[in-house]
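S.K.:
What follows is the structure in structure tokens.
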């Protein structure tokens with residue numbers, strides 16, 4: 001396939017419906033159902049966002065479209081008048097008040113070494129969002145969330161064993177206005193540690209995303225069912241036909257207030273879980289100067305609208321969902337040798353229990369990586385083809401496609417499908433039987449492997465029958481149980 005292996009909450013009442021197949025370096029990663037608990041008691045303490053909260057601005061608040069320089073000038077004049085007031089204590093310190101300088105929200109220094117609290121903004125408005133400091137700005141955009149039901153086709157008609165055709169995700173862009181922590185899964189360790197698990201869970205902090213960086217939050221993964229003419233008689237798909245036409249897929253549902261996404265412009269492009277805090281993340285899609293959220297490999301797309309408004313990004317570099325999802329994408333999935341796959345087919349699940357593990361034969365990468373503890377593993381002539389993380393590997397929606405969750409070393413899986421793609425990479429479609437990060441990567445009970453399920457009768461197999469996590473992972477990160 002032409003673009004493979006390159007290595008995302010908020011609800012608004014008028015967001016679009018519509019998803020992307022990443023290609024590039026593979027680090028080994030059905031949307032998860034929303035939970036009401038956070039990963040650990042030591043994780044972020046911000047309250048869980050209620051997706052049902054309406055976003056209608058409160059009447060009478062400061063117009064966010066007003067010229068912020070007018071308020072800035074007024075505040076500066078008031079400050080000058082107050083600080084030059086001859087009355088005051090012998091030290092010359094004259095404390096100011098929020099009212100004196102026209103501040104209506106947020107924190108304000110009082111000119112004497114203390115901070116004033118000028119109060120919250122009404123309704124959903126955000127203090128300083130697109131206006132002068134300490135003024136109430138535009139409401140936060142909360143894109144609509146919706147879970148995946150189907151899309152992209154399935155291998156052997158196995159539940160959630162999606163092909164990559166038409167499932168490349170889109171992204172909603174946000175700007176970090178405060179430090180944001182990104183996680184691989186449930187975390188209970190030292191908040192100052194990176195890539196180190198702690199407590200009873202195996203999740204780690206991937207990175208601390210600094211203010212000023214941009215973050216793309218993922219839309220729902222396998223959202224599209226390509227039209228019947230997607231292949232037009234060509235069993236391997238037509239690269240000139242789009243597998244999707246909706247450029248505003250819904251946001252992938254949050255899990256306990258966490259959303260799947262990646263950082264860019266000032267941080268590593270790793271994908272992982274990000275807790276949504278409106279005080280730390282401001283929707284950037286309506287700012288035409290913001291950099292486009294095109295996914296970690298730059299091959300995805302930014303949603304075309306959010307909260308009933310069109311989005312725009314810098315230099316008109318965005319692409320459509322169709323550009324990111326041609327009908328030829330994923331042609332070799334499911335072991336279709338006529339489309340380039342080298343092998344593939346269903347397995348007898350109970351005979352193929354595997355453990356997520358660190359592979360042998362890794363070496364120091366010859367290219368820049370997010371952390372010095374990351375090593376590389378060769379594939380064919382590419383010595384640095386796989387990025388190998390010290391704690392786990394990615395699970396994907398489809399082979400060579402958009403990442404879904406992190407699996408952690410020691411997680412137990414059950415494999416239903418085993419196929420070598422056109423680039424020679426062996427992939428397994430698995431369900432997670434036990435997880436070191438049970439909230440963000442919940443385990444299945446394995447019941448779908450019963451009832452006559454076998455390699456000869458894959459139609460009787462129902463992976464993740466009663467919930468849990470299913471997806472695709474490169475076999476190199478698995479070893480027999």
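In our numbering, the protein residues as written are 1 to 481. Glycine included, every Cβ here is placed at the ideal spot set by N, Cα and C.
#1: Report yes if the C-beta distance between residue 184 and residue 406 is below 8 Å; otherwise report no.
#2: Considering only DSSP beta bridges, list what residue 255 is partnered with.
#3: What did DSSP end up calling residue 329 once you bin it into helix, strand or coil?
#4: Based on the DSSP output, what are the partners of residue 274 in its beta bridges?
#5: Just verifying my parser: in three-state terms, what is the DSSP assignment at residue 52?
#6: Check whether the Cβ atoms of residue 467 and residue 419 lie closer than 8 Å to each other.
#7: Who does residue 481 pair with in a DSSP beta bridge?
#8: Could you check what DSSP says for residue 433 in three-state terms: helix, strand or coil?
#9: For the candidate residues 198, 472, 166, whose alpha-carbon lies nearest to that of residue 244?
#10: Taking the beta carbon of residue 157 as the centre, do at least 16 other beta carbons fall within 10 Å, making it buried, or is it exposed?
#11: Can you confirm whether the stretch 201–210 touches the stretch 251–269 when touching is taken to mean that 3 or more C-beta pairs between the two stretches lie within less than 8 Å?
#12: Apart from the five residues just before and just after residue 367, which ones in its own chain have a Cβ nearer than 6 Å to its Cβ?
#13: Tell me the rounded alpha-carbon separation between residue 447 and residue 351.
#14: Check whether the Cβ atoms of residue 278 and residue 145 lie closer than 8 Å to each other.
#15: If you follow the alpha helix (DSSP H) that residue 98 is part of, which residue opens it and which one closes it?
#16: Are the beta-carbon atoms belonging to residue 174 and residue 306 less than 8 Å from one another?
#17: Which residues mark the beginning and the end of the beta strand (DSSP E) in which residue 324 is found?
#18: Can you round the beta-carbon distance between residue 470 and residue 160 to whole angstroms, since I take them to be within the 8 Å contact cut?
#19: Tell me the DSSP secondary structure of residue 210 in three-state form.
#20: Based on Cα-Cα distance, which residue from 449, 409, 387 lies nearest to residue 358?
#21: When you compare the CB positions of residue 428 and residue 395, do they come within less than 8 Å of one another, or not?
#22: Please classify residue 188: does DSSP put it in a helix, a strand, or coil?
#23: Tell me whether the beta-carbon of residue 437 lies closer than 8 Å to the beta-carbon of residue 229.
#24: Below 8 Å on the Cβ atoms is my contact criterion, and I expect residue 234 with residue 326 to pass it. Report the Cβ-Cβ distance as a whole number of Å.
M.R.: Looking at the atomic coordinates:
#1: yes
#2: 258
#3: coil
#4: 182, 259
#5: With a pLDDT of 41 at residue 52, under the threshold of 50, the modelled position of this residue cannot be trusted; read the value that follows with caution. The answer is coil: DSSP assigns residue 52 none of H, G, I, E or B.
#6: no
#7: Beta-bridge pairing links residue 481 to no other residue.
#8: strand
#9: 166
#10: exposed
#11: yes
#12: 384
#13: 14 Å
#14: no
#15: For residue 98, the enclosing alpha helix (DSSP H) has its first and last residue at 98–101.
#16: no
#17: Where residue 324 is concerned, there is no enclosing beta strand (DSSP E), although the alpha helix (DSSP H) it sits in stretches over 321–324.
#18: 4 Å
#19: In the structure shown, the three-state DSSP call for residue 210 is coil.
#20: The candidate whose alpha carbon is nearest that of residue 358 is 409.
#21: no
#22: Here residue 188 sits in coil by DSSP.
#23: no
#24: The pair is not a contact, with the Cβ atoms about 12 Å apart (cut-off 8 Å).
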